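Protein chains in written order, with this note's numbering: chain W, 20 to 674; chain E, 20 to 674.
Quick reminder that beta carbons are idealized off the backbone N, C-alpha and C, glycines included.
Computed from a predicted model, the values in this text were never measured in an experiment.
Okay, structure first, notes after.
2 protein chains.
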Amino acid sequence: MHHIPKESMQIEEINDQTVFQQQPVGSPPRSWRTWLIGRPLASADAPHETIGKTIGLAVFASDALSSTAYATQEILVILAAAGSLAFGYAFPISISIVALMAIVVLSYEQTIHAYPNGGGAYIVARENLGEIPAQAAGASLLTDYILTVAVSISSGVAQVVSAFPELLPYRVIIALALTFLVMLVNLRGVRESGIVFAVPSYIFLVMMLLTVGVGVVRLLMGNLNMVDSPPELITTYTTFELVTPFLLLHAFSSGTSAMTGIEAIANGITAFKEPRSRNAGVVLMWMAGILATLFLGITFLAGKIGAVPSEIETVISQIARTVYGDSVLLYLLAVSMTAIILFMAANTAFAGFPRLAAILARDGFLPHQFTYRGSRLVFSTGIVALAVMAGVIVVIFNASVTQMIPLYAIGVFLSFTLSQAGMAHRWWKAGHLSLGEEQVERSSVIHHDPHWLQKMIANGLGAALTAVVTLVFGITKFPDGAWIVVALIPLLVVTFIAIHRHYENLAHQLSLDHVLIYPRVSRQRVIIPISGVHQGTLAGLRYACSISDDVTAIYISMDPEEEEKIKAKWGIWGEGIRLVILKSPYRLLIEPVLEYIEKLCRIRQPNEVITVVVPQFVSRHWWTGILHSQTAFLLRLGLLLRPGVVIIEVPYQVE
Amino acid sequence: MHHIPKESMQIEEINDQTVFQQQPVGSPPRSWRTWLIGRPLASADAPHETIGKTIGLAVFASDALSSTAYATQEILVILAAAGSLAFGYAFPISISIVALMAIVVLSYEQTIHAYPNGGGAYIVARENLGEIPAQAAGASLLTDYILTVAVSISSGVAQVVSAFPELLPYRVIIALALTFLVMLVNLRGVRESGIVFAVPSYIFLVMMLLTVGVGVVRLLMGNLNMVDSPPELITTYTTFELVTPFLLLHAFSSGTSAMTGIEAIANGITAFKEPRSRNAGVVLMWMAGILATLFLGITFLAGKIGAVPSEIETVISQIARTVYGDSVLLYLLAVSMTAIILFMAANTAFAGFPRLAAILARDGFLPHQFTYRGSRLVFSTGIVALAVMAGVIVVIFNASVTQMIPLYAIGVFLSFTLSQAGMAHRWWKAGHLSLGEEQVERSSVIHHDPHWLQKMIANGLGAALTAVVTLVFGITKFPDGAWIVVALIPLLVVTFIAIHRHYENLAHQLSLDHVLIYPRVSRQRVIIPISGVHQGTLAGLRYACSISDDVTAIYISMDPEEEEKIKAKWGIWGEGIRLVILKSPYRLLIEPVLEYIEKLCRIRQPNEVITVVVPQFVSRHWWTGILHSQTAFLLRLGLLLRPGVVIIEVPYQVE
């Protein structure tokens, strides 16, 4: 707590009310938190805590760009079922994925301008599809953010562990420590986390572009070799399948993992400097361009050099090895940056999850604590909640990436589908407005658009394709763990709706629109349960007498000898207050008091309140709490739901 | 909660005080607890809940008798260091252990009569040696009871697991479940647990006596063979040592594990029917006689048949196998009962720990909750605490008996030493009283005793020998885990003394002997922090106005728009109450309120109380608690230690 000199208080008279206005103090409160996450920021500082395009790309693109590290390999693994000749289909498949990506990205670009307060798929679904699709989008995105953190950090740790196998037994601890670290950096603020993580993100970016660029140049110059001693192709199939449409669809679905992460910008628009929609849109386009280039380049080169999907050496590593030839340093840098970017992808989730949670909370579907901005102006509750839940997942899955992967990506694709469908519906509405007419939604305004039909078809196609991918993911990975997400999302939707009902119901009950004229409280019956006659009891008694003239002390008697002592002492110190003795043959302490109060409640008048004053001694040492029976706490539990009964603990401070 | 018809209340007038006396109700309160541990017992039923000699032997002897299952083996294991020829020393060693046992048992017999309220070593040390030795005795006994439960249950589970190896991964869970079961049976009452456990205890007893008896008879008849294919003697020594005095002392110390458990009766006298000292004394003698017979018999037969200490087959099993020859059923019964008695030994600890803890708590060295008798008249807190702590030990040591054994027995022997030393001092005092003179202690009266010198020497010797055993235990087992106990006991002593200081200090501060004349509370300043203007706030406001005319509402403003709305609403609903608006530039909620109250406290008059009324909505669903910020809870934490400030949560019930 900070102390303010009296001069900093200013008294204003408004009507008949005296209003103190506490001036912003010279220096903000300091504590251990200051040391950990930096000095508190005043609300007025909010605009300074936004980020520009350069840092924005680093923060929001890490997740999406990290997927280039494995997407090509995912395609090749599936095609391997039809033998290495089928690898020729990889590049065409990657082109069709980039086409789908283009539709999704363009749709998000429009979303960013239509809904400048962020929320992405959630907001689009809410405005255009209704409550349940919106909550489904929210639930799947939040789930996927949590999984992104767990998977990214675990795979970063897995890379470290494969280099230092003696760390294997500590991988869960290391993953938790890293999660905690990323959480701390994010609690300092999005600007701070961006600056910390921007450098490695850009090094990764440059390294990947360089690798693809050098590869293509060497190919054109005709001196790019085939990959030297590639790892053996191991498939789980004994006989090779034919190249069926289903196999190609499966390879396509697996390759769409390249698209995970592109939703983050649309959810996190509010992190950008003004004009934020424009800045966010530009960053989205940059990111999509880089992502498409890298993904196509890597898949193309993989085909040219004859890279083979393997558990022993990644496709990226094979390409880097072949491209750089004997420049071992460049090769090592490319491979190690790939490991680092996987770990950085966690940071993107920390930028997205808290903002989305705050939007859901603002709409009343999550606890409203998610809307509070912490001392550094970030949504601290969301950041901490994300870290805790990702930590739980890491512990449950023992930091094993293989076990977590099947849960991953379904959520993202479900949100893509809902977002595309929502935008398609929006175009349909735009097409049915006359020129100049406009339809006002909660968070945006729809104008007539002459190109509505083309746009509707594009988004409709995007919705259909992403829906197919979602289904293929859900079905093929179902037994490996996807069932958890398939079960979890409806459960979350139900929870969100229950929370919303609670808040709506509460708002209705607290509303002053239908106010009844309550009588003023005209009578206080005060009950004071005592365990003995001592200074603490007398302090409680003095307090009780100050709020009412109708005070009754209650003593629960379990031992006749003790009872006699209490009666004698009460004669001296009781100040003439009525003492009721309740015999408790079964040595119950709380129940007789509750029963007595219940009896009083039955004869209570509407304008009468029953107040229970519980004398309680408190001590400077927290541990002494367990040395005393927590009567007040238990009485509170027992009486909480009874209208017209109020409990007062009167503390008596003991040194 | 149970409801009582109005007729069952009776009003008595005592002086000017109306006293309701709640009659013992026809049927006691029922709940899930009734189903689990039986119907509640009235305090008046206490005498029926004591046990006679037959059940007493089963309850209190299990622990001691179970040690016959391993004590002989412990001696042989040590002697094995000098080769199998050294096994000849086992029987003489066991005779000297029985002699020591006789001294300790006779001393406890006198303790039982001198201190009929139980407490054993703790009480003897407190009356004769002072506070620190008494607390050391208490700490070491409590520690050992906890270890007895953990070790006994784990070794019982180990026996089961060696029969069904597929249960190995579940041994911790099984051990916890069994601990919980023994806890439940003990919560039903000592009589009930005695009845449940008496049958197997007596079967064990009969089987062991039969085994020894048949063995001796066959030996006398000359047809007892040597053990058939004994397990191979495995020692950790590569060369055999000489039989040194230290080796013999070490073997003696290990064999004294036969004595663990004999302290339980002296601690648990209050469990016996009246005349309880006599009954407890008789049971102690029976137990000692059986224990000595079995221990000598087993060690003797082990020597005669050439039994070998082994991890693969216990000495008891070798004896039973040899004695019963081809009566496989009798052999199996003897071995399985040995497993069961190990498990039963835990029950003895459940009879001893809660009573000892209650005695320490009554003296103010443990939280006074340990003195409460639960609905079944047992010391429920102690029973539950014992089960929880034993469970923690089981989890920490992964239910491995080998790892727990080194921690075990040091506590018992330390308490033996303190008890013997205390009794020796008592005889010295008795010797220095004149005939007919008496010295009154807190819990007993000392008379002159003509045989004081012999008794003092016997107990002094006992103290010296058990001290040597304690030291040998502590030193030889120190690196294997005994250091934990060696460190823990002083820590516990310090804790006990801190608790005692706290209670004494509290009693002093609460005492009315040095009462200051406090002024009556003549003025209430009421502060009501509001988060909005709604039904809940207005309910709080009505309450606030009913206890004082000086009410100030406080609103923490973080957003100018919200602030304007609140001001406008307050104009309509505020009933003319003063509203203070505190600006919070750093979005802090609790700190500005605390600061405001602190400022008021500085100008507070001695006869003035500051009451903070916090409107709080409560709901029937517990989970909604996490949907609201717990302002009242946080304010309470912040204001608990500030004298003259009282917090009232005014609940507003929401459906």
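Under a criterion of Cβ atoms nearer than 9 Å, no residue of chain W is adjacent to Met-408(E); the nearest Cβ is some 14 Å distant. Assignment of Lys-292(E) by DSSP, reduced to helix, strand and coil, places it in the coil class. Interface criterion not met: the Cβ of Ile-516(W) is under 7 Å from no Cβ in chain E. With 16 or more other CB atoms across the displayed protein chains lying within 10 angstroms of its CB, Thr-230(E) is buried. At a cut-off of 7 Å between beta-carbon atoms, Ile-667(E) makes contact with chain W. Along the stretch 541-554 of chain W, going in chain order, the ones with a CB nearer than 9 Å to a CB of chain E are Ser-541, Arg-542, Gln-543, Gly-551, Val-552, His-553 and Gln-554. Any Cβ of chain W closer than 7 Å to the Cβ of Arg-561(E) would place that residue at the interface, and such an atom is present. The Cβ-Cβ distance between Ser-173(E) and Ala-155(E) does not fall below 7 Å.
For Arg-606(E) and Gly-393(W), the gap between their C-alpha atoms comes out near 7 Å.
When C-beta distances to chain E are compared with 8 Å, the residues of the stretch 50-66 of chain W below that value are Pro-59, Leu-60, Ala-61, Ser-62 and Ala-63, in chain order. Gly-287(W) is positioned such that its CB atom lies no closer than 7 Å to that of Arg-207(W). Judged by pairs of C-beta atoms under 8 Å, the stretch 595-602 of chain W does not touch the stretch 51-68 of chain E, as fewer than three such pairs exist. Ranked by how close their Cα comes to the Cα of Asp-499(E), the residues Thr-162(E), Ile-429(E) and Ser-434(E) have Ile-429(E) in first place.
At a Cβ-Cβ threshold of 7 Å, Val-628(E) and Gln-672(E) do not count as neighbours. For Gln-672(W), the residues of chain E that pass the 7 Å Cβ criterion are Leu-660 and Pro-662, in the order they occur in the chain.
In the three-state reduction of the DSSP assignment, Asp-568(E) falls in the coil class, being assigned neither a helical nor a strand state. Under a criterion of Cβ atoms nearer than 8 Å, no residue of chain E is adjacent to Cys-620(W); the nearest Cβ is some 13 Å distant.
Beta-bridge pairing by DSSP links Ile-465(W) to Gln-458(W).
Straight-line spacing of the CA atoms in Ile-547(W) and Leu-379(E) works out to 31 Å. Distances from the CA of Val-124(W) to each of His-519(W), Phe-515(W) and Gly-481(W) were compared; the closest alpha carbon is that of Gly-481(W). In the same chain as Val-570(E), and ignoring 5 residues on each side of it, the C-beta atoms closer than 7 Å to its own belong to Val-545, Ile-547, Ala-563, Cys-564 and Ile-596, in chain order.
Taking 9 Å as the cut-off between beta carbons, none of the residues of the stretch 187-219 of chain E comes near chain W.
Sixteen is the threshold: since fewer than 16 other Cβ atoms of the shown chains lie within 10 Å of the Cβ of His-527(E), the residue is exposed. Chain-order list of chain W residues neighbouring Val-628(E): Tyr-562 and Ser-565, by C-beta distance under 8 Å.
Interface flag for Tyr-343(E) against chain W is unset, since no Cβ pair is found closer than 7 Å. In this structure, DSSP gives Lys-602(W) an extended state, which the three-state scheme calls strand. Contact check between the stretch 333-343 of chain E and the stretch 233-244 of chain E: three or more CB pairs, one atom from each, fall below 8 Å, which counts as touching. Judged by pairs of C-beta atoms under 8 Å, the stretch 205-225 of chain W touches the stretch 78-88 of chain W, as three or more such pairs exist. Counting C-beta pairs with one atom in each stretch, the stretch 505-518 of chain W and the stretch 383-402 of chain W have three or more that are closer than 8 Å, which means they touch.
Residues of the same chain with a CB within less than 6 Å of the CB of Gly-410(W), apart from the 5 flanking positions on each side, are Leu-195 and Thr-198 in chain order. Secondary structure in the stretch 120-190 of chain E: the alpha helix (DSSP H) runs of 4 residues or longer, each lying completely within the stretch, are 139-147 and 150-182 in chain order. Per DSSP, reduced to three states, the secondary structure at Pro-670(E) is strand.
For the stretch 138-161 of chain W, the set of positions with a beta-carbon nearer than 9 Å to some beta-carbon of chain E is empty. Bridge pairing for Gln-422(E): absent [DSSP]. Within the stretch 361-386 of chain W, Pro-386 place their CB atoms closer than 8 Å to a CB of chain E, listed in sequence order. DSSP places Glu-251(E) outside both helix and strand once states are collapsed to three, so it counts as coil.
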